Each structure stands twice: as structure tokens, then as C-alpha cells.
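S.K.: Residue numbers (this note's numbering): 128 to 453. Below you'll find the structure I mean.
Written as C-alpha cells, this is what we have:
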């Protein structure tokens, strides 16, 4: 029967949300020693955590494997049908296998069990049937049963796949915590994202280094420095003292402000007009930190210094944006 009224559509959608949300909440009742044991097996795994499943369970399994891999647990998905045609060669005795089947009787999955047992791999079953063939073969059983699917026919995997995904997320998060996995670790696995790039790149990776940065002595004449900055086309120069320590910077802005004062400039020196307290970063600081400082102070460049206040380079906003740090 077609849904003709808008309210009927929204009502049905709301019912789907309720069924799936309640199914996840009831999943907490299934937590216990088996879940803890599954975490221990995966945490102590010296090989790979292999996730396998057919159909919709397989699609969820791929996502679980991807989440595990991106949070510090080496994992990949093995298609059960392909595994009996040679792909099972990737299984080793040090692996832990997570097998997903709501019914626990999926033929293609059951055909993989002898291979798993042959290698003495630990088997974690995610199933909605605790007395199924899969459950009976497993070392640990994670109960993903639901009262009903969100599908009005109670046929299409809906609530059951949502619960399976949530169980996988719970495993991944618990392992992440146990491993002491940090934000920096996470970003290492996600270098292509904007946030990842900002936390993968360090200042030293993107800066104009000491051999190429414009740098002058504080006693250089102002007019000579103006020509030098113009030739370098960076809009500023680093200023050092006799001990090779950072003394300041001379920028296009400093030059404009000096000229607007209508004062004699012939005998002016760089030290008379430079910015004496420039914003700085260290070479091992994250590029994201450098960009944040630029945004905070509305500037386009930072001087990179050593712990001894020696100028090591210049990081420019153009280089950060070119590297897609955002």
C-alpha cells in the first residue's frame, strides 16, 4: 500500500528510528564477560584482526575492519565466499577472526570455520542466535540479537545491522582506549583530511629554511634592507644580531609606517624601525599551530627559531595553504 500522507511517511521514519535506537540501548544488556574477553583477544593479537561476513553483515564487517584499522588495530575484511577459493591464504595462526552472521547459519561463513580452526585462530562470533552453529564454534560470542527489524515485514536487515555496527564501534573504542591511542595517532592514519594535514606536517616540513630565508644584520641601513626585501619578494626579512640570535623582523608594514612618518631615512638602520617582538614557532611545532597563530594575530608569516633563539626559517601562510593545511 502506498503512503499517501506526509504524516504517514514521517511517522514511519520516526518508528524506524525508535526501533533502531531501542535496539542499541538493549545491546547494553548483552555486555559482559564475553565482551571483555573479545577485547583481550584483540588487544593481545600478535597478527591481524580479520573480519568476515556475507551480504549486509559483510558490508558492516568492512566498516568495522576499517574503523579498527584507523584506530590502531591492524585489521582487514575477508570475504567468506572468496576465502574458500584461495583468499584464506592470508590467515595466519596469530590472527583473531571476527565472524558476523545474524542467523549464525550462513553457509559461506560456516565453510570458513574449518580453515580458521586449522590455524588455531581465536574466533569471535557476532550473532543473533547464541545456539547457532557459528556460536558453538566460537571462542567468544557477542550477542547482537534484536527483538525485531525496523522493516515492517521484519525481514530486511535494519535494526540488526545497526546493532552490529554499534558493537563493532564499541570494540574499536575500547581497544583505542586500552592502547592509549591519541589524537596525534589518529591523525597519522588520516593524513589526507584537512585536519590530518595540519597535524601531520610540522613547521620544518613547510618552512623556508635557513639557507633560503631572507636575513639581515640589525645594523644594515634601512634603504639597503628595503631593496633586499623587494628582491626577495617575501614581504619581510629576519633580523639577527652579532650572536646570530633573532633580533626581530622587518616587514612591508614596518617600511610603510616608517615612510609615512616623514622622517630622514638616509641614516636609519634596520634596528631603528624593525618589529622587535615577532611571533615565533619551533621547527617541531605542528603546521596547524602555525596557522592558528597567523589567524589569531592577522599575520602572514612566522619566524621559526631554535631553543636558543636562533632563526632557522620562515613559515608563510601561502606555503600552509598550498599544503592544504586548514
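Note that beta-carbon positions come from the ideal geometry of N, C-alpha and C, so glycine has one too. Keep in mind that this is a model prediction, so the values were computed, not measured.
Residue 277 by DSSP, collapsed to three states: which one?
M.R.: Here residue 277 is taken as the residue at index 150 of the chain shown, counted from 1. Coil, per DSSP.
S.K.: Return the bridge partner residues of residue 413 from the DSSP annotation.
M.R.: Residue mapping note: residue 413 aligns to position 286 of the chain shown, counting from 1. For residue 413, which the question treats as bridged, DSSP gives the partners 329.
S.K.: Looking at the unbroken alpha helix (DSSP H) that takes in residue 185, where does it start and where does it end?
M.R.: For the purposes of this step, residue 185 is taken as the residue at position 58 of the chain shown. From DSSP, the alpha helix (DSSP H) with residue 185 extends over 182-197.
S.K.: Residue 352 and residue 397 look like a contact to me (Cβ under 8 Å); what is the Cβ gap, rounded to whole Å?
M.R.: Sequence index remark: in the chain shown, residue 352 carries index 225 (1-based). Sequence index remark: in the chain shown, residue 397 carries index 270 (1-based). Confirmed, Cβ separation roughly 5 Å.
S.K.: Starting from the Cα of residue 384, find the closest Cα among 391, 393, 374, 400 and give me that residue.
M.R.: As a position in the chain shown, residue 384 is number 257, starting the count at 1. Per the Cα distances, 400.
S.K.: How big is the Cα-Cα spacing for residue 358 and residue 334?
M.R.: Locating residue 358 in the chain shown gives position 231, counting from the first residue. Locating residue 334 in the chain shown gives position 207, counting from the first residue. Using only the alpha carbons, I get a separation of about 19 Å.
S.K.: Let me know the secondary structure DSSP gives residue 428 once reduced to three states.
M.R.: For the purposes of this step, residue 428 is taken as the residue at position 301 of the chain shown. DSSP places residue 428 in strand when its eight states are reduced to three.
S.K.: Between residue 185 and the rest of its own chain, which residues show a CB-CB distance below 7 Å, the 5 nearest in sequence each way excluded?
M.R.: Looking up residue 185 in the chain shown gives position 58. Answer for residue 185: 206, listed in chain order.
S.K.: According to DSSP, what are the bridge partners of residue 202?
M.R.: Mapped onto the chain shown, residue 202 falls at position 75. According to DSSP, which records beta bridges pairwise, residue 202 is partnered with 176.
S.K.: Express the C-alpha separation of residue 439 and residue 302 in angstroms, rounding to a whole number.
M.R.: Locating residue 302 in the chain shown gives position 175, counting from the first residue. Locating residue 439 in the chain shown gives position 312, counting from the first residue. Spanning the two alpha carbons is a distance of roughly 40 Å.
S.K.: Mapping the DSSP letters down to three states, classify residue 146 as helix, strand or coil.
M.R.: Counting from 1 along the chain shown, the entry for residue 146 is found at position 19. Note: residue 146 maps to helix in three-state DSSP.
S.K.: Hey, how far is the Cα of residue 447 from the Cα of residue 404?
M.R.: As a first step, residue 447 is located in the chain shown; it is residue number 320 there, counting from the start. As a first step, residue 404 is located in the chain shown; it is residue number 277 there, counting from the start. When rounded, the distance between both Cα atoms is 22 Å.
S.K.: Check the C-beta distance from residue 251 over to residue 266 and give it rounded, since I have them as a contact under 8 Å.
M.R.: For the purposes of this step, residue 251 is taken as residue 124 along the chain shown, with counting starting at 1. For the purposes of this step, residue 266 is taken as residue 139 along the chain shown, with counting starting at 1. 7 Å between Cβ atoms; contact.
S.K.: Give a yes or no on whether the C-beta atoms belonging to residue 188 and residue 199 are separated by under 8 Å.
M.R.: One-based indexing of the chain shown puts residue 188 at position 61. One-based indexing of the chain shown puts residue 199 at position 72. Not in contact: residue 188 and residue 199 (Cβ atoms no closer than 8 Å).
S.K.: Here's a check: name, in chain order, each residue in its chain whose Cβ is nearer than 8 Å to the Cβ of residue 432, leaving out the five neighbours to either side.
M.R.: As a working mapping, residue 432 is identified with position 305 in the chain shown. Closer than 8 Å at the Cβ level, and outside the excluded window around residue 432, lie 373, 407, 408, 409, 438, 439.
S.K.: Please give the ranges of any alpha helix (DSSP H) in the segment 365-389, keeping only runs that are unbroken, at least 4 residues long and fully inside the region.
M.R.: With a minimum length of 4 residues, the continuous alpha helix (DSSP H) runs that stay inside the segment 365-389 are 379-387.
S.K.: Excluding the 5 residues preceding and the 5 following residue 417 in the sequence, name in chain order all residues of the same chain whose CB lies nearer than 6 Å to its CB.
M.R.: Here residue 417 refers to the residue found at position 290 of the chain shown. Excluding residues within five positions, the ones whose Cβ falls inside 6 Å are 330, 408, 429, 442.
S.K.: Can you tell me the Cα-Cα spacing of residue 272 and residue 307, whole angstroms?
M.R.: Indexing the chain shown from 1 puts residue 272 at position 145. Indexing the chain shown from 1 puts residue 307 at position 180. Answer to the nearest angstrom: the Cα atoms are 31 Å apart.
S.K.: When DSSP labels each residue in this structure, what does residue 344 get in the three-state scheme?
M.R.: Taking the first residue of the chain shown as 1, we reach residue 344 at position 217. Residue 344: strand per DSSP, three-state reduction.
S.K.: Going by alpha carbons, who is nearest to residue 190 out of 163, 227, 239, 174?
M.R.: Here residue 190 refers to the residue found at position 63 of the chain shown. Comparing Cα positions, the closest option is 227.
S.K.: Would you kindly work out how many angstroms separate the C-alpha atoms of residue 204 and residue 364, rounded to a whole number?
M.R.: The count along the chain shown starts at 1 and reaches residue 204 at position 77. The count along the chain shown starts at 1 and reaches residue 364 at position 237. The straight-line gap from Cα to Cα measures roughly 54 Å.
S.K.: Using the beta-carbon count (16 or more within 10 Å), is residue 425 buried or exposed?
M.R.: What you label residue 425 is simply residue 298 of the chain shown in a count that begins at 1. Exposed is the call here.
S.K.: According to the Cβ coordinates, are residue 150 and residue 289 closer than 8 Å?
M.R.: The residue you call residue 150 lines up with position 23 of the chain shown. The residue you call residue 289 lines up with position 162 of the chain shown. Their beta carbons are under 8 Å apart, which means residue 150 touches residue 289 by this criterion.
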